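Enquirer:
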Amino acid sequence: MSISNVNLPLEQIKARMLSFIALAFMVCGSVAIDQISKVHSENTLMKWSHDSDLDQYIGQQYPLGSIGAPPESKDDNRFYLSWGFNYVRNQGAAWGFLHDLKDSIRVPFFTTVTVLAILFVISVLRFTPLSFRLLRYAFTLILSGAIGNFVDRMRLGYVIDWIDVEWNIAGWYYRFPNFNFADSCISIGVALFVIDAIFLERKREKMMAEL
Numbered sequence: 001m002s003i004s005n006v007n008l009p010l011e012q013i014k015a016r017m018l019s020f021i022a023l024a025f026m027v028c029g030s031v032a033i034d035q036i037s038k039v040h041s042e043n044t045l046m047k048w049s050h051d052s053d054l055d056q057y058i059g060q061q062y063p064l065g066s067i068g069a070p071p072e073s074k075d076d077n078r079f080y081l082s083w084g085f086n087y088v089r090n091q092g093a094a095w096g097f098l099h100d101l102k103d104s105i106r107v108p109f110f111t112t113v114t115v116l117a118i119l120f121v122i123s124v125l126r127f128t129p130l131s132f133r134l135l136r137y138a139f140t141l142i143l144s145g146a147i148g149n150f151v152d153r154m155r156l157g158y159v160i161d162w163i164d165v166e167w168n169i170a171g172w173y174y175r176f177p178n179f180n181f182a183d184s185c186i187s188i189g190v191a192l193f194v195i196d197a198i199f200l201e202r203k204r205e206k207m208m209a210e211l
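Note that the working numbering numbers the sequence shown so that position 113 is 113, with each residue one more than the last.
(1) How long is the line joining the alpha carbons of Glu42 and Ile160, rounded to whole angstroms?
(2) Pairing CB atoms from the region 161-171 with CB atoms from the region 139-152, are three or more of them under 8 Å?
(3) Within a Cβ cutoff of 6 Å, which residues of the same chain sit near Ser19, ignoring the five residues on either side of it in sequence?
(4) Does the Cβ of Ser123 have 16 or more other Cβ atoms within 10 Å, making it buried, or fewer, making it exposed?
(5) Of all the options Met26, Asn180, Ile142, Val107, which has the alpha carbon lying nearest to the alpha carbon of Gly189?
(6) Since Phe193 contacts Ala138 with CB under 8 Å, what's their CB separation in whole angstroms?
(7) Measure the C-alpha to C-alpha separation of Arg106 and Asp53 and round it to an integer number of angstroms.
(8) Secondary structure at Phe79, three-state DSSP: helix, strand or coil?
(9) On a Cα-Cα basis, can you pick out the residue from Thr128, Thr114, Glu205, Tyr87 that is closest to Asp55?
(10) Can the beta-carbon of Asp80 be found closer than 9 Å to that of Gly65?
(11) Count the other C-beta atoms from every protein chain shown that fall within 10 angstroms of the C-beta of Phe109, then say buried if there are 16 or more, exposed otherwise.
(12) Give a yes or no on whether the C-beta atoms belonging to Gln91 and Tyr158 are separated by under 9 Å.
(13) For a test of the three-state rule: what should DSSP assign to Glu201, helix, strand or coil?
(14) Would Val27 be called buried (16 or more neighbouring beta carbons within 10 Å of its own) or exposed?
(15) My assumption, with CB atoms under 8 Å, is that Asp164 sits in contact with Asn178. Please give the rounded CB distance.
(16) Relative to the C-alpha of Ala32, which candidate in Pro63, Ile186, Ala182 has its C-alpha closest?
(17) Return yes when the C-beta of Phe179 is under 8 Å from any heavy atom of the ligand MG, and no when it is not.
(18) Among Ser37, Ile58, Ser144, which has the Cα closest to the Cα of Met46?
(19) For Leu10, which residues from the same chain have a beta carbon less than 6 Å from its beta carbon, with the 5 sequence-adjacent residues on both sides left out?
(20) Starting from the Cα of Ala191, find the closest Cα among Leu134, Ser49, Thr112, Ser37 and give me that residue.
(21) Residues in its own chain within less than 6 Å of Asp196 by CB, not counting five upstream and five downstream?
Below is the structure:
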């Protein structure tokens with residue numbers, strides 16, 4: 001038996017520990033950035049809030065920049081893109097989905113779904129091979145975003161959205177629903193997952209077939 005074979009399990013354990021530490025730092029850093037940005041948004045963009053009714057508040061818009069001029073009509077095909085800050089409270093899921101549910105249903109529903117999603121992603125990460133780096137980054141970003149928004153729901157009873165984007169492309173005008181850093185992490189994570197599934201998984205299957 002060679003020395004390399006004896007040391008292989010130990011090396012694998014070290015590699016997994018280092019990977020776990022790196023991904024844990026990635027999650028903690030992402031959640032920290034998300035929470036700091038939300039607290040700053042609430043402190044600077046929220047002008048008034050009711051003491052008990054979460055739906056009663058006044059937020060402020062703060063434009064950062066734009067390209068082109070806003071469309072003057074539905075037939076206006078001029079290119080337009082703008083971005084800025086806009087304080088919005090989201091008591092539902094992405095894009096305000098299910099925000100009209102009663103608190104007695106909405107709160108336990110989203111709490112249960114989020115906890116199950118976090119546990120699922122953690123279990124998937126645990127059994128994902130270290131060589132699947134892009135996939136591990138994807139799940140880590142999704143986990144970071146889920147935790148970031150979950151902290152909001154537990155701390156405030158709603159999620160703070162503060163990024164505002166709208167565009168007009170070849171007559172297609174759209175004001176994107178307000179989102180936050182955690183939502184961006186989830187979106188990027190899903191995009192990386194799709195890239196891995198479409199391109200890298202096929203490459204891995206081809207390599208396995210050639211063995």
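Note that CB positions come from ideal geometry on N, CA and C, so glycine has one too.
None of these values were measured; they are calculated from a predicted model.
Expert: Looking at the atomic coordinates:
(1) 8 Å
(2) Fewer than three beta-carbon pairs drawn from the region 161-171 and the region 139-152 are found closer than 8 Å, and the two stretches are therefore not classed as touching.
(3) Leu130
(4) Ser123 is classed as exposed because its beta carbon has fewer than 16 other beta carbons within 10 Å across all chains shown.
(5) Nearest in C-alpha terms to Gly189, of all of Met26, Asn180, Ile142, Val107, is Ile142.
(6) 4 Å
(7) 16 Å
(8) coil
(9) Tyr87
(10) In the sequence as presented, Asp is not what sits at residue 80; that position holds Tyr. No.
(11) exposed
(12) yes
(13) helix
(14) buried
(15) Your pair Asp164 and Asn178 checks out as a contact, with CB atoms roughly 6 Å apart and the cut at 8 Å.
(16) Ala182
(17) Among the components modelled here there is no ligand, and therefore nothing to report on the ligand MG.
(18) The option with the nearest alpha carbon to Met46 is Ile58.
(19) Hits under 6 Å: none found.
(20) Taking only the C-alpha atoms, the option nearest Ala191 is Leu134.
(21) Leu134, Leu135
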